[in-house]
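Okay, so here's the structure we're looking at.
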Amino acid sequence: MGETSPREEIEKKICTAKRAARSELSISRREWCKNGYAHSNVLSTDGLLDVAERTRCQDLSVSDFVKLYEQPRLPVVITGLADAWPAKNEWTEHHLEERFGQHRFKVGTDDDGYAVRLELCHFLHYMQSPNHALVDDSPLYIFDATFGDRHSSRSMLNDYKIPPYFREDLFQFAGKHRRPPHRWFVMGPARSGSSLHIDPLATNAWNTLIKGRKRWALFPPGTPKKAVLPSILGVDSEAVSWFYHVYPYTQSADWPTAKPIDIIQEAGETVFVPGGWWHAVLNLETTIAVTHNYASSSNFLRVWKHSLRSRPKMSAKWLLALRQQRSDLAAIAQENRDRDCLGAFTHSSTSSSSSCSTSSSSSTSTSTSSSSTSSSSCSSSTSSSTSSTSTSTSSEGCPNSVEVADDSHTAKRRKTEDSCRGDG
Numbered sequence: 009m010g011e012t013s014p015r016e017e018i019e020k021k022i023c024t025a026k027r028a029a030r031s032e033l034s035i036s037r038r039e040w041c042k043n044g045y046a047h048s049n050v051l052s053t054d055g056l057l058d059v060a061e062r063t064r065c066q067d068l069s070v071s072d073f074v075k076l077y078e079q080p081r082l083p084v085v086i087t088g089l090a091d092a093w094p095a096k097n098e099w100t101e102h103h104l105e106e107r108f109g110q111h112r113f114k115v116g117t118d119d120d121g122y123a124v125r126l127e128l129c130h131f132l133h134y135m136q137s138p139n140h141a142l143v144d145d146s147p148l149y150i151f152d153a154t155f156g157d158r159h160s161s162r163s164m165l166n167d168y169k170i171p172p173y174f175r176e177d178l179f180q181f182a183g184k185h186r187r188p189p190h191r192w193f194v195m196g197p198a199r200s201g202s203s204l205h206i207d208p209l210a211t212n213a214w215n216t217l218i219k220g221r222k223r224w225a226l227f228p229p230g231t232p233k234k235a236v237l238p239s240i241l242g243v244d245s246e247a248v249s250w251f252y253h254v255y256p257y258t259q260s261a262d263w264p265t266a267k268p269i270d271i272i273q274e275a276g277e278t279v280f281v282p283g284g285w286w287h288a289v290l291n292l293e294t295t296i297a298v299t300h301n302y303a304s305s306s307n308f309l310r311v312w313k314h315s316l317r318s319r320p321k322m323s324a325k326w327l328l329a330l331r332q333q334r335s336d337l338a339a340i341a342q343e344n345r346d347r348d349c350l351g352a353f354t355h356s357s358t359s360s361s362s363s364c365s366t367s368s369s370s371s372t373s374t375s376t377s378s379s380s381t382s383s384s385s386c387s388s389s390t391s392s393s394t395s396s397t398s399t400s401t402s403s404e405g406c407p408n409s410v411e412v413a414d415d416s417h418t419a420k421r422r423k424t425e426d427s428c429r430g431d432g
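Each residue of the sequence shown is one higher than the last, beginning at 9 in this note's numbering.
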């Protein structure tokens, strides 16, 4: 057998990544392009009305941003933030390949939750290939949360600066190894994107586009999930599928809920997405961007409530640090935590008392001696319930049972630390 050529080796690596990222699709049977989206009008923006508010960063102070957009949870497009970033010149396909061509960026997640990675030079080949990205319905997409942590790509952090509006990063107090993923390098061809979702833990997000054009559709908090994610034949979890099949319904006269806010994001623009907003993003051409999720004073209570439910161990560490760094927010968090724990304890006690009373009443109708025995049993049951409640609570008075659930979450996060995705 002859040696494998460099082109064949690249093709092999691309196909391996595609099979891992979308195991349900057969490459040999051309299922990656079975819907023909590459030959459809899904990328057309004809008739699309971009009604998003836009403002120049020179005209927007931090305090005005908080008052006008962050506190009332209203999206906005801010221009000019990336004008002085090195990324404006450095983040081109050519320069990125020169600097990071051998670095393996995340392009998907396999069936076991592990990151699927490709060397950037191979991904660039994929994007230009008539057998792959140019015809794939929903192409592979770099969405990498570890670029700032890995030695070979860490220098990318020097290519941009977090805009002043988004610098209050409260999750930094949760600890480097416990904080949720919060920043992503994003790069992909036309028809790649992010399917409709709400960002985790009620966090806000910002996305600055360095190259290309993106299409956004946003729905306000409270929009019913069943309306924006209906069960429609042919719709899968990919962004292009949602825009092709579901979006047209949002423009019909009988659409049952709020119509989307449409945005066409141009290079150099930053989209602010407040927590709780549904949003989907479709790349209209090859795009390169950076996106962050963050928690600030404005959305702290909502983020804290979500974190306490789904990340109790992290929340405990976070609260300890906030007591040292932000005592005002720690007081809010503690009050909310105590109220939730008191409510859970009251509910538990009421249930025990009701059960106990029913048991006693039943025994009384049988006989006096049985009633006496039942009463004794009832007291024992109440005592046992109280003891059980006591042993199942931690030193701060919240159930340890939730802590066990967090162990599995932590283990899963160690397996694929960048499984969560940001925007765009």
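Glycine included, C-beta positions come from ideal geometry on N, C-alpha and C.
Between which two residues does the alpha helix (DSSP H) containing Ser203 stretch? First-last for Ser203: Gly201 to His205, but that is the beta strand (DSSP E), not the alpha helix (DSSP H).
Give me the residue from Gly230, Val254, Pro229 and Ala225 with the minimum Cα distance to Ser239. Val254
Can the beta-carbon of Asp118 be found less than 8 Å from the beta-carbon of Ala28? In this structure, Ala28 lies closer than 8 Å to Asp118 by Cβ.
For Trp312, three-class secondary structure by DSSP: helix
Trp326 lies in the alpha helix (DSSP H); which residues open and close that run? Taken as a continuous stretch (DSSP letters only), the alpha helix (DSSP H) holding Trp326 covers Pro320 to Gln333.
Nearest neighbour of Thr216, chosen from Thr278, Pro208, Pro282 and Arg38 [CA to CA]: Thr278
Sequence-distant residues of the same chain with beta carbon closer than 8 Å to Arg310, five excluded per side: Ala210, Gly283 and Gly284
Beta carbon of Leu132 nearer than 8 Å to that of Phe113: no
Around the Cβ of Val124, are there at least 16 other Cβ atoms within 10 angstroms (buried) or fewer (exposed)? buried
Only counting the same chain, and skipping five residues up and downstream in sequence, which positions put a Cβ closer than 8 Å to that of Ile340? Phe308, Leu309 and Trp312
Per DSSP, what kind of secondary structure is Gln273 in: helix, strand or coil? strand
Per DSSP, the bridge partner or partners of Glu127: Arg112
Cβ-based burial, Arg175 [other Cβ within 10 Å; buried from 16]: exposed
Continuous alpha helix (DSSP H) stretch holding Arg15: start and end: Pro14 to Ala29
If we ignore side chains and look at the alpha-carbon of each, how far apart do Glu19 and Glu98 end up? 27 Å
From this set, Leu337, Phe151 and Gly121, which residue's C-alpha is nearest Ser203's C-alpha? Phe151
Name the residue from Arg345, Glu39, Ser36 and Trp326 whose alpha carbon lies nearest to the alpha carbon of Lys184. Trp326
Determine the direct distance from the alpha carbon of Asp167 to that of Thr154, and round the result to whole angstroms. 15 Å
Going by the CB atoms, is the gap between Thr295 and Gln135 shorter than 8 Å? Here residue 135 turns out to be Met, not Gln, going by the sequence shown. No. Outside cutoff.
Grab me the residues of Ala46's own chain with a C-beta within less than 6 Å of its C-beta, minus the 5 sequence neighbours each way, in chain order. Correct list, in chain order: Val143.
Report the residue ranges of all beta strand (DSSP E) runs contained in full by the segment 229–285; include only those spanning at least 3 residues, in chain order. Segments of the beta strand (DSSP E) lying fully in the segment 229–285: 269–274 and 277–281.
Using DSSP's beta-bridge definition, name the partner residues of Thr154. According to the DSSP secondary-structure assignment, Thr154 is paired through a beta bridge with no residue.
Measure the alpha-carbon distance for His205 versus Pro83 and round it to whole angstroms. 15 Å
7 Å Cβ shell around Ala231 - same chain, five flanking residues per side excluded: First, the amino acid is wrong: residue 231 is Thr here, not Ala. Around Thr231: Thr265, Ala266 and Trp286.
On the DSSP letters alone, give me the boundaries of the beta strand (DSSP E) that Phe193 sits inside. Arg191 to Gly196
Going by beta carbon distance, what residues of the same chain come within less than 6 Å of Pro171, once the five residues before and after it are set aside? Leu89
According to DSSP, residues forming a beta bridge with Phe227: Trp286
Same chain, Cβ closer than 7 Å to Ser161, five either side skipped, listed in chain order: Excluding positions up to five away in sequence, the list reads Phe108, His111 and Phe155.
Could you give the DSSP three-state label for Asn344: helix, strand or coil? Asn344: helix per DSSP, three-state reduction.
Going by C-alpha distance, which of Asn43, Lys169 and Trp192 is nearest Trp93? Lys169
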